[in-house]
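Undergrad:
In the numbering used here, the protein residues as written are 50 to 271.
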């Protein structure tokens, strides 16, 4: 079911600081392409490229990933993965009802869980030690835990969100990667689920493909 189109191109950063390495969202698109068995090329960009007229014509916000394949040009990792899920049965069932469920879980990961997880990560990475976090962080953690409990309840007795691995699991697993280990440890079902998804060979290939340019383009030590 792989479409006969030009080789897909995915934009990605040439280098990012260590805390972001392995977590930049082009990883989601790389993983989807690996699962689908679709060869692709990475278009590496730097800070200057982010503000260039050419790149902003592809990605209006200067972020990554952006995607093109000769048929479409688009951006936003969730949208790209959903597009790819319509091209490969490795990422979604072929029936309309199955695709609808995959779309639902992709959006649930991005809308119901990721904003809270990202808020916690932002607090811990960029505002650690600031006075306001002492009061605010427990409230953020409480919301993350509430969402994770609901997800854990759904996954009880299941290997994947909808009976088999799909694009919904791909996106959900990348969101769960950003949950602090001490919080995820409260939910053994989610720990096992995350490990199950991330142990897939396609994820390992995608992660290595993202990490390789970071090693190659690392700034010289001061």
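Note that the Cβ used here is the ideal one computed from N, Cα and C, for glycine as well.
What residue range is occupied by the uninterrupted alpha helix (DSSP H) comprising residue 155?
TA: Where residue 155 is concerned, the enclosing alpha helix (DSSP H) stretches over 145-157.
Undergrad: First and last residue of the beta strand (DSSP E) that includes residue 92?
TA: 90-94 is the extent of the beta strand (DSSP E) around residue 92.
Undergrad: With residue 113 and residue 73 assumed to form a contact (beta carbons below 8 Å), what rounded beta-carbon distance in angstroms separates them?
TA: That belief holds up - the Cβ atoms of residue 113 and residue 73 are roughly 6 Å apart, short of 8 Å.
Undergrad: With DSSP as the reference, identify every bridge partner of residue 62, one or two as the case may be.
TA: Note: residue 62 sits in a beta bridge opposite 94.
Undergrad: Is the stretch 207-225 touching the stretch 119-137, taking contact as three or more C-beta pairs under 8 Å?
TA: Counting Cβ pairs under 8 Å, three or more are found: they touch.
Undergrad: Taking the continuous alpha helix (DSSP H) assigned at residue 104, which residues delimit it?
TA: Counting along the chain, the alpha helix (DSSP H) containing residue 104 begins and ends at 102-107.
Undergrad: Using DSSP with H/G/I as helix, E/B as strand and the rest coil, what is residue 258?
TA: Looking at residue 258 - three-state DSSP - the assignment turns out to be helix.
Undergrad: Have a look at 210, 62 and 98 and flag the residue whose alpha-carbon is nearest the alpha-carbon of residue 90.
TA: Ranking 210, 62 and 98 by Cα distance to residue 90 puts 62 first.
Undergrad: Residue 285: buried (16+ other C-beta within 10 angstroms of its C-beta) or exposed?
TA: Outside the shown range of the chain (50 to 271) lies residue 285, about which nothing can therefore be said.
Undergrad: Is it the case that the stretch 144-152 contacts the stretch 102-116, given that we only count it when at least three CB pairs across the two stretches are under 8 Å?
TA: Flag = no, the stretch 102-116 and the stretch 144-152 do not touch.
Undergrad: Using the Cβ count rule (16 or more neighbours within 10 Å means buried), how would you classify residue 126?
TA: Classification of residue 126: buried, given that the 10 Å Cβ count is 16 or more.
Undergrad: Could you check whether the Cβ of residue 250 sits closer than 8 Å to any Cβ belonging to chain C?
TA: Absent from the structure: chain C. Only one protein chain is present.
Undergrad: What residues in its chain sit with their C-beta under 7 Å from that of residue 256, if we drop five residues either side in the sequence?
TA: The answer, listed in chain order, is 71 and 76.
Undergrad: Does DSSP put residue 199 in a helix, in a strand, or in coil?
TA: In the structure shown, residue 199 sits in a helix (DSSP, three-state: H, G or I).
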